[in-house]
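Mapped onto our numbering, the consecutive letters of the sequence shown carry residue numbers 11 to 354. Glycine included, each C-beta is placed from N, C-alpha and C at the ideal position. Please read these numbers as outputs of a predicted model, since none were measured by experiment.
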Amino acid sequence: MKNKALTAIQVAIIVVVIIIAALGSVVAYLEFQKTSSVQSPVTVTDGLGRAVIVPANPNRIVSIAPSVTQILVGIGLGKQLIGVDYWSYLLLQYLNETSALPANVTIINSIYPPNVTGIVLLKPQIVVADGGLEGEYLQQFQSAGLNVLFLKGDLDYNFTQIENDVLLAGKAFNHLQQAEQLISWMNTMLSKFNSTNRNITIAYIGWINPDGSFYTAGGNVFINSIIQEAGGINVFQQLSGYPLVSPSQLIVKNPDIIIVVAMYNYTYTLQMLNSIPGIQNTTAYKEGHIYILSDGLPEYLLQEPGPLAVYAVGMLDYIINGNAPHYINTTWVKNTLNVTLPIE
11 MKNKALTAIQ VAIIVVVIII AALGSVVAYL EFQKTSSVQS PVTVTDGLGR
61 AVIVPANPNR IVSIAPSVTQ ILVGIGLGKQ LIGVDYWSYL LLQYLNETSA
111 LPANVTIINS IYPPNVTGIV LLKPQIVVAD GGLEGEYLQQ FQSAGLNVLF
161 LKGDLDYNFT QIENDVLLAG KAFNHLQQAE QLISWMNTML SKFNSTNRNI
211 TIAYIGWINP DGSFYTAGGN VFINSIIQEA GGINVFQQLS GYPLVSPSQL
261 IVKNPDIIIV VAMYNYTYTL QMLNSIPGIQ NTTAYKEGHI YILSDGLPEY
311 LLQEPGPLAV YAVGMLDYII NGNAPHYINT TWVKNTLNVT LPIE
């Protein structure tokens, strides 16, 4: 009886060991499947329509445009960035988010034209660039042996296209869930700031020449979308790109609001604005509805087609409602809009 009891116990132990070993094999197999799927290179079609192979889990990424860096940091790839352009780093400084990058990240001073030699020295596994800003340098990148993924970037002219850039980055780097979370955040923020059309006409002035002519934003660029999302009407929406227009065209359009990007400083910008022939006859001038955006965060939010542009809609919402100062600087924007970049 005693021997039979021992035999039964031994059999039971053997069965338990076999079960544990089998479970261990199953777990190991599942982990292998999970790891192997994550570590496989990914082929995506980038913003220029090119098939690009992205290495598995790259930890040496270079980003050379603020619109791109916003996305990569936002989907949790900040620590994999071994190099970023100066303007991207400055943007993260404004947001107090430089800790999202490695402490030894290399700052690249030139992005247009890009410092190809400097980028090569960093030995990146992949470079992520802005197709609208840097797409013309594709041949130089390829000649240098760099693997480059272009997001559409400056080619985007609405928020849906920015979201497509976010999804492209998420797919390329196996951060699709984080990309979807970032898009959800963008839509939540837009729903807070979005307003119905209030029939308020807006003229955007990006640069004023000595003769009073100036550059503005047409209907097929991103700034037009921001104006529309905030409930305004771009008076130059029938034009394309960033055209040069004459003072007489401004007078004919007679906008309710004029938004000007600062040229060097507030005083000089105001001087140049007042030198535009006939501007004093516009509704915006007569009613004191002229707003100057300082360099720094106000300019970044309006001009960079990235996730943070949702705050540009909020900024214009304040302007349209008459609740913004006539000189809008980084401090006001940060304190009023509580500008932050979610990091998934």
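- An exposed status is given to LYS202, since fewer than 16 other beta-carbon atoms sit within 10 Å of its beta-carbon.
- Burial is judged here by how many other beta carbons sit within 10 angstroms of a residue's own beta carbon; ASP175 has at least 16 and is buried.
- Taking C-beta atoms under 8 Å as the contact rule, GLY141 and PRO315 fail to qualify, at a distance of about 11 Å.
- Taking all protein chains shown into account, VAL94 has 16 or more neighbouring C-beta atoms within 10 Å of its C-beta and is therefore buried.
- Judged by beta-carbon spacing, PHE169 lies within the 8 Å limit of MET196, meaning their Cβ atoms are closer than that value.
- Within the same chain, and ignoring the five residues on either side of VAL323 in sequence, the residues whose Cβ sits closer than 7 Å to its Cβ are LEU200, PHE203, ASN204, ILE236, GLU239 and ALA240.
- Closest by C-alpha distance to TYR214, out of VAL270, SER73 and ALA294, is VAL270.
- When the beta-carbon positions are compared, GLN135 and ARG70 come within less than 8 Å of each other.
- VAL78 carries a helical assignment under DSSP once its states are collapsed to helix, strand and coil.
- Burial is judged here by how many other beta carbons sit within 10 angstroms of a residue's own beta carbon; HIS185 has at least 16 and is buried.
- Collapsing the DSSP output to three states places PRO308 in a helix.
- Taking C-beta separations shorter than 7 Å and ignoring five residues to either side along the sequence, the partners of LEU87 in its chain run ILE71, PHE183 and HIS185, following chain order.
- With three or more CB-CB distances shorter than 8 Å, the stretch 212-228 counts as touching the stretch 258-275.
- By the criterion of a C-beta distance shorter than 6 Å, GLY57 is surrounded in its chain by GLY141, PHE160, LEU161 and LYS162, once the five residues flanking it on both sides are discounted.
- Minimum Cα-Cα distance from PRO65 among the listed residues PRO51, SER73, SER77 and ILE74 corresponds to PRO51.
- Contact annotation, LEU351 with LEU105: C-beta distance approximately 6 Å; criterion of less than 8 Å satisfied.
- By the 16-neighbour rule on beta-carbons within 10 angstroms, ASP166 is buried.
- For ILE92, the closest of THR53, ILE210 and PRO68 by C-alpha to C-alpha distance is PRO68.
- In this structure LEU82 is in contact with ALA179, their Cβ atoms being roughly 6 Å apart against a cut-off of 8 Å.
- Spatial neighbours of LEU326 in its own chain (CB-CB distance under 7 Å, excluding positions within 5 residues in sequence) are listed in chain order as ILE236, ILE237, ALA240 and GLY242.
- The residues GLY222, in chain order, have a CB closer than 7 Å to that of SER285 in the same chain once the five nearest residues on each side in sequence are set aside.
- Inter-residue distance for ALA227 and THR55 is about 29 Å (C-alpha atoms, whole angstroms).
- Across the structure, ALA75 and ILE117 are spaced so that their CA atoms are roughly 12 Å apart.
- Straight-line measurement puts the Cα of VAL158 at about 20 Å from the Cα of GLU173.
- Of the residues VAL126, GLY84, VAL130 and SER120, the one whose Cα lies closest to the Cα of THR108 is GLY84.
- For TYR274, no alpha helix (DSSP H) segment is defined, and its DSSP state is neither H nor E.
- Between LEU283 and ILE289, the gap from beta carbon to beta carbon is short of 8 Å.
- For THR55, the enclosing beta strand (DSSP E) begins and ends at 52-55.
- Here ALA334 is buried, its C-beta having at least 16 other C-beta atoms within 10 Å.
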